[in-house]
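For what it's worth, our numbering labels the leading residue of the first sequence as 452, then goes sequentially.
For glycine and all other residues, C-beta sits at the position ideal for the given N, C-alpha and C.
Since we're looking at a predicted model, the values are computed, not measured.
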Amino acid sequence: MPKPSLPQGTRDFSAETIRKRNFIFSNIRKVFELYGFEPLETPAMENLETLTGKYGEEGDKLIFKILNNGLNNEKNIEKARIGFEKVLTGKSSPDITERALKYDLTIPFARYVAMNHTKLIFPFRRYQLQPVWRADRPQKGRYREFTQCDADVVGSISLMNEVELAHIYHEVFQLLGLSNYELRINSRKILAALAEACGGTDKLTDITIAIDKLDKIGIEKVKEELQQRGLNDKQISTIETYLNITGSSEEKIIQVRNLLNQSAELDAGTSDLEFVIGHTQNLNMVIDFTLARGLNYYTGTIFEAKAPPSVQMGSIGGGGRYDDLTGLFEVAGIPGVGISFGVDRIYDVMEELKLFPEDLNIGTKALFFNMGKAEAEFAFTAMQELRRQGIAAELYHEETKIAKQFQYAEKKHIPFVVIIGSKEMADNNCCVKNLATGNQEILSFDQLPAFFNKH
RNA sequence: GUAGCCAUAGCUCAGUUGGUUAGAGCAUCAGAUUGUGAUUCUGAGGGUCGUGGGUUCGAGCCCCAUUGGUUACCCCA
Numbered sequence: 452m453p454k455p456s457l458p459q460g461t462r463d464f465s466a467e468t469i470r471k472r473n474f475i476f477s478n479i480r481k482v483f484e485l486y487g488f489e490p491l492e493t494p495a496m497e498n499l500e501t502l503t504g505k506y507g508e509e510g511d512k513l514i515f516k517i518l519n520n521g522l523n524n525e526k527n528i529e530k531a532r533i534g535f536e537k538v539l540t541g542k543s544s545p546d547i548t549e550r551a552l553k554y555d556l557t558i559p560f561a562r563y564v565a566m567n568h569t570k571l572i573f574p575f576r577r578y579q580l581q582p583v584w585r586a587d588r589p590q591k592g593r594y595r596e597f598t599q600c601d602a603d604v605v606g607s608i609s610l611m612n613e614v615e616l617a618h619i620y621h622e623v624f625q626l627l628g629l630s631n632y633e634l635r636i637n638s639r640k641i642l643a644a645l646a647e648a649c650g651g652t653d654k655l656t657d658i659t660i661a662i663d664k665l666d667k668i669g670i671e672k673v674k675e676e677l678q679q680r681g682l683n684d685k686q687i688s689t690i691e692t693y694l695n696i697t698g699s700s701e702e703k704i705i706q707v708r709n710l711l712n713q714s715a716e717l718d719a720g721t722s723d724l725e726f727v728i729g730h731t732q733n734l735n736m737v738i739d740f741t742l743a744r745g746l747n748y749y750t751g752t753i754f755e756a757k758a759p760p761s762v763q764m765g766s767i768g769g770g771g772r773y774d775d776l777t778g779l780f781e782v783a784g785i786p787g788v789g790i791s792f793g794v795d796r797i798y799d800v801m802e803e804l805k806l807f808p809e810d811l812n813i814g815t816k817a818l819f820f821n822m823g824k825a826e827a828e829f830a831f832t833a834m835q836e837l838r839r840q841g842i843a844a845e846l847y848h849e850e851t852k853i854a855k856q857f858q859y860a861e862k863k864h865i866p867f868v869v870i871i872g873s874k875e876m877a878d879n880n881c882c883v884k885n886l887a888t889g890n891q892e893i894l895s896f897d898q899l900p901a902f903f904n905k906h
């Protein structure tokens, strides 16, 4: 029997971790609900066909594919062999795999909308908190199984949706204590206008991939990469000027208008940003023209939430507007915009900054000591009454020395112990001790619920 | 997929140019006090040094392979 282990990049979650994660989830859910979003869940797996081609070439490689069952069945064996040959050339074959674990929540959502568009009430606002899987090499802040929390509005082109989503980011991060997060915003339309000015729209991807790395590799390396991607000096010079745009959001918009030739794309992109900026005061939002985002279905506004600069953790959330996501599934004309929170990274950031409230790990409120057979039975009755009142309590499972029972309570972060010995039994009361302060008092049993509700 | 680093007790680690029965702290358990807890005292258990080969009189240490972890690239939450 080999040592038990977990698949790479996956984790077990202990009680303490789950309570902290639930703290994040419940705040996100609360804000989503407050903004009128409705919950949705989709399966862990999708048909592979639903997912491939939606995340770009690199994305396709990171989809976890599920091997078909019954490949060794005689009537399948020949097909499987041919299919496998195909797989070896780097392609996928439905004879080998036709299902995959979901890679994000947006594409399955688009599939859901496409399947149900006749029944849904538009604009349709849904939120979704579920795990997703990526066959990526794990490293800091990167897992193979992680949880996304998405909110999307589909069936509306109103920029008020962007405004609301920006507010959602802000409210959630405030609730979590991440007040110095940064929300970067840009528009794919402006990037398209830049591409137009630099060799045409077919250069859009090359340009965005390169400039997205500015933070990491610096301007010189970006210029090198642009050169390798076939841009000439004049085009690179335009991009450099573009990347050097600084100032307030308003100033940045003016500068980008001056730099790029006037076009419908540019006008649309800049006025989109102006609208969103104009309706979101004091939200830690900054225009970042280098923001590009990988997923190629975005067409308008794009968002990226950055962790506070004091921690080494890039993006803790992202999103954007897509004109026609459901078009991928043969249902055209449903535009939308959405955002996502990366819970696992938010968790790591909050842990590093020690932002979790102290009292999250209190499960059991009171431990009843076991002071003997008769005492324990007496305590059990008292405890059951507390439980009926909604107060979590435990009775120490066996009679043992006091020190050990105290230690158990301490280790489990139980804040109070209730001692019922022969004396208390005789007086029909109990001794309640606060472990944090060391204070203890004698209470009658009918005082207990009120006491614990107060503390 | 590519590259670097790491692997010794439950945890964090030490282990000299290769040399006897491989150590420490914390944790665990048991005992001097049978109704009051971190402290102190005494003692105990626990490792075929990730795995498999090789070099050597001799390997935790050197070489090769392999597995796992980790960090970075690509990409991303």
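Going by the CB atoms, is the gap between residue j and residue i shorter than 8 Å?
i      : j      : result
ILE662 : ALA743 : yes
PHE807 : PHE476 : no
VAL883 : LEU818 : no
PHE597 : ASP795 : yes
ASN478 : LEU626 : yes
GLY745 : ILE767 : no
GLN840 : PRO900 : yes
TYR798 : GLY771 : no
VAL432 : PRO582 : The structure shown does not extend to residue 432, since the chain is modelled only from 452 through 906, so no value can be given for it.
GLY814 : ALA586 : no
GLU850 : ALA827 : yes
VAL707 : ILE641 : yes
LEU694 : LEU724 : no
THR548 : LEU518 : yes
GLN437 : ILE687 : Residue 437 is absent from the structure shown; the chain starts at 452 and stops at 906.
PRO589 : GLN459 : yes
LEU499 : ARG462 : no
GLN543 : THR503 : Checking the sequence shown, residue 543 turns out to be Ser, not Gln. The answer is yes: Cβ separation under 8 Å.
PHE780 : ALA561 : yes
LYS530 : ASP546 : yes
ILE608 : VAL482 : no
Quick one: residues in its chain with C-beta nearer than 7 Å to the C-beta of residue i, no 5 flanking neighbours on either side, listed in chain order?
i      : result
VAL727 : LEU610, GLU613, VAL614, ALA617, ILE636, THR752
PHE829 : ILE871, MET876
LYS852 : none
GLY778 : none
HIS730 : VAL614
CYS649 : ILE658, LEU682, GLN686, THR689, ILE690
Using a Cβ-Cβ cutoff of less than 6 Å, which residues in the same chain neighbour residue i once the five nearest sequence positions on both sides are dropped?
i      : result
GLU489 : ARG577
ALA646 : THR652, LYS654, LEU655, ILE658
ASN747 : GLY507
ARG480 : none
Can you round the beta-carbon distance between residue i and residue j to whole angstroms, since I take them to be within the 8 Å contact cut?
i      : j      : result
GLU622 : LYS553 : Between LYS553 and GLU622 the Cβ distance is about 27 Å, and since that is not below 8 Å, they are no contact.
ALA602 : ILE785 : The Cβ separation is near 16 Å, so there is no contact.
PHE902 : CYS881 : Contact flag wrong, Cβ pair sits at about 10 Å.
TYR632 : LYS757 : 6 Å
LEU491 : GLN579 : 5 Å
ARG470 : ASN812 : 6 Å
THR501 : ILE558 : 7 Å
Going by DSSP, name the residue or residues bridged to residue i.
i      : result
PHE483 : Partner(s): none; PHE483 has no beta bridge.
GLN590 : ARG593
CYS881 : LEU894
MET736 : LEU634
VAL605 : PHE575, GLY787
GLY770 : PHE754, ILE790
ARG550 : ASN498, ILE517
GLN706 : Per DSSP, none; premise fails for GLN706.
VAL868 : LEU818, LYS884
LEU846 : PHE819
THR598 : PRO582
GLU529 : Per DSSP, none; premise fails for GLU529.
Who are the near neighbours of residue i in its chain, counting only those whose CB is closer than 8 Å to its CB and skipping five residues on each side?
i      : result
ALA643 : THR652, LEU655, GLU716, GLY720
MET452 : Note that MET452 scores 46 on pLDDT, short of 50, meaning its location in the model is unreliable and no value can be drawn from it.
ALA783 : ASP775, THR777
VAL737 : GLU633, LEU634, ARG635, ILE636, SER700
ASN520 : none
Check whether the Cβ of residue i lies closer than 7 Å to any heavy atom of the ligand MG, and answer yes or no.
i      : result
VAL737 : Summarising the ligand content, the structure contains no ligands, and the ligand MG is consequently not present.
Do the stretch 818-825 and the stretch 866-878 make contact, defined as three or more Cβ pairs closer than 8 Å?
-> yes
Does the stretch 634-649 touch the stretch 708-721, meaning 3 or more C-beta pairs lie closer than 8 Å?
-> yes
Segment contact, 8 Å Cβ cut-off, at least three pairs: the stretch 524-537 with the stretch 559-578 = With contact defined as three or more Cβ pairs closer than 8 Å, the stretch 524-537 and the stretch 559-578 are not in contact.
Kindly confirm or deny that the stretch 701-714 and the stretch 588-596 touch, where touching means at least three C-beta pairs closer than 8 Å.
-> no
Inspect the CB distances between the stretch 797-805 and the stretch 758-766 and report whether three or more fall short of 8 Å.
-> yes
Using 8 Å as the threshold, is the stretch 513-521 in touch with the stretch 540-559, meaning 3 or more CB pairs across them?
-> yes
Could you tell me whether the stretch 889-900 touches the stretch 854-863, using the rule of 3 or more Cβ pairs below 8 Å?
-> no
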